[in-house]
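Below: the structure, in structure tokens.
Residue numbers (the numbering used here): 47 to 207.
What follows is the structure, given as structure tokens:
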């Protein structure tokens, strides 16, 4: 039906659009992309992984976290390497949740409010786990340490079960 096609388009578009400024939208899109996997999940990982713009902003403002951007740039790797490593980790977790993916839904965050990490730059951080449900099961997953840098949430550590 037209409605189903429109919903599919908006779901896929959500997985592929620009960076996230809202955690609930990020988490909702994550669950949608986690369910479908493949290119959708890769696009999501690219969206939340630190990229060239993140690095430029951090260098310009003298902000570094866990060796990014300076140590990463010294390795001379492409930024897509970060996203694909993160994707591979999430894909492993998809296998862990394989029986529960069909009716997986986002419920909410464990921690409601991100913490102000750098007042001067207005950088917020969270390491909140998210809650999902599938049938009668409640599942949790941590996407890693997320920082809102230059208005977009970026992940700096591996996801955790």
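Using N, Cα and C, we set each Cβ at its ideal position, and we do this for glycine too.
Only a predicted model underlies this, so the values are computations on that prediction, with no experimental measurement involved.
{"Item": "Distance CB(residue 185)-CB(residue 146) smaller than 8 Å", "Value": "yes"}
{"Item": "Cα-Cα separation, residue 192 to residue 153", "Value": "19 Å"}
{"Item": "Three-state class that DSSP yields for residue 180 in the structure shown", "Value": "strand"}
{"Item": "Per-residue burial, residue 55 [other beta carbons within 10 Å of its own, 16 or more giving buried]", "Value": "The pLDDT assigned to residue 55 is 41, lower than 50, so where the model puts this residue is not dependable; a value taken from the coordinates is nonetheless given after this. Exposed, by the Cβ-count rule."}
{"Item": "Segment contact flag, the stretch 116-135 with the stretch 86-94, C-beta cutoff 8 Å, min 3 pairs", "Value": "yes"}
{"Item": "Outcome for residue 198 when other beta-carbon atoms lying within 10 angstroms are tallied against a minimum of 16", "Value": "buried"}
{"Item": "Segment contact flag, the stretch 154-161 with the stretch 169-182, C-beta cutoff 8 Å, min 3 pairs", "Value": "yes"}
{"Item": "Those residues which DSSP pairs with residue 164 across a bridge", "Value": "169"}
{"Item": "Residue interval of the alpha helix (DSSP H) (run including residue 198)", "Value": "Taken as a continuous stretch (DSSP letters only), residue 198 belongs to no alpha helix (DSSP H), being part of the beta strand (DSSP E) at 198-201."}
{"Item": "Where the beta strand (DSSP E) through residue 122 begins and ends", "Value": "Counting along the chain, residue 122 falls outside any beta strand (DSSP E), and DSSP gives it neither H nor E."}
{"Item": "Under the three-state DSSP convention, the category residue 98 falls into", "Value": "helix"}
{"Item": "Through-space distance from residue 106 to residue 88, alpha-carbon basis", "Value": "28 Å"}
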